[in-house]
Amino acid sequence: MSMNNILLTSNTFLKKILFWVHPIQQKFNFTRYQSPKQRLRIAIEKLADNTIETNLAVIDDLEQISHEYQQYQWLTIDILTAFVRANSPCMPQEKITSNSTGKIRIDIQLALTVIARRNTNKDLENEQIDLSHTDMRGVNLKGANLEQTNLYQVNLSGANLRKANLAGAILSAANLEGADLTGANLKGAILSAANLKGANFSGTSLHQANLYLASLYEAILDGVILNGANLREAKFSQ
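As numbered in the numbering used here, residues 877 to 1114 make up the sequence shown, in order.
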């Protein structure tokens, strides 16, 4: 699958990546003739260089490996999640200044896009994607499959999570202020002590979700499914 196919078509910000990454990809073409293990080793080394242009090309190659050699898919996911955690750690709220735009770095966005569009049939049993303690403000994960993902204490404020599959996800103490969760699946998700202020839950399934101590002030709850949800001590007003 080419990079054109993995980008979210509605996100013009991501489309700009193509103009940046193609020249870098040409330098990486030689890796396509090496073994997958060699390509993975090179990818890990290149990600450590931490230049955005190189990161974009490496992330694309990791996605290619996961499709060409599906037995290595989970390893590529581990590499990408480690990359996100290392390069986009969640900042304490008091350190987020008024000058902070909350615009996600394009290589982080691409890594998350690849993770979210993986072949879930190749996920390893009893393994969990770990994106905890990360800053994903403003990320576009529309339609993403993040079922059972560890999103503990992540900052997803302003994120596009429309129709995302977050069933069983751990979102305890997460910040989803102003996030768009229209039509999302949060069945059985753990949202205890989460900041859901102003989030849009229109048509969202929160069936059997845990919202203990969650802040739902100004949240949009039109058509939300709440049967079996734990709303004990949830806050609907300031």
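Ideal Cβ positions, reconstructed from N, Cα and C, are used throughout, including at glycine. These figures come from a predicted structure and were not determined experimentally.
- In this structure, R981 is the residue among H943, C966, D1098 and R981 with its C-alpha nearest to the C-alpha of I928.
- At a Cβ-Cβ threshold of 9 angstroms, L1067 and L1097 do not count as neighbours.
- In the structure shown, the three-state DSSP call for K979 is coil.
- Within the same chain, and ignoring the five residues on either side of G1014 in sequence, the residues whose Cβ sits closer than 7 angstroms to its Cβ are G978, K979, I980, G1034 and A1035.
- The DSSP-derived three-state label of I1005 is coil.
- Spatial neighbours of P912 in its own chain (CB-CB distance under 7 angstroms, excluding positions within 5 residues in sequence) are listed in chain order as I941, Y945 and Y948.
- Per DSSP, H943 is one residue of the alpha helix (DSSP H) stretching across I928 to E944.
- About 19 angstroms separates the CB atoms of T1025 and T1058; that is not less than 8 angstroms, and the two are not in contact.
- For T1058, there is no enclosing alpha helix (DSSP H), as DSSP marks it with neither H nor E.
- Within 10 angstroms of the beta-carbon of F1077 lie 16 or more other beta-carbons, which makes it buried.
- At the C-beta level, A1050 and Q1029 come within 9 angstroms of one another.
- In this structure V960 touches T1010 by the C-beta definition: roughly 6 angstroms separates them, less than 8 angstroms.
- Within a 10 Å sphere around the beta-carbon of S1113 sit fewer than 16 other beta-carbons, which makes this residue exposed.
- If you draw a straight line from the Cα of L938 to the Cα of L916, it is about 7 angstroms long.
- Under the DSSP assignment, Q947 falls outside any alpha helix (DSSP H); it carries neither an H nor an E label.
- A distance below 8 angstroms between beta-carbons, with the five flanking residues on each side excluded, links S964 to the following residues of its chain, in chain order: I980, R981, I984, T1010, D1011 and M1012.
- Contact between L986 and L923 is absent: CB atoms are separated by about 12 angstroms, not below the 8 angstroms threshold.
- Distance check between A1090 and each of G1099, N1106 and I1101 places N1106 closest, using alpha-carbon atoms only.
- Rounded to whole angstroms, K1063 and H943 show a C-alpha spacing of 29 angstroms.
- Residues K1073 and G1074 of the same chain have their beta carbon placed closer than 7 angstroms to that of E1094, with the five preceding and five following residues left out of the count.
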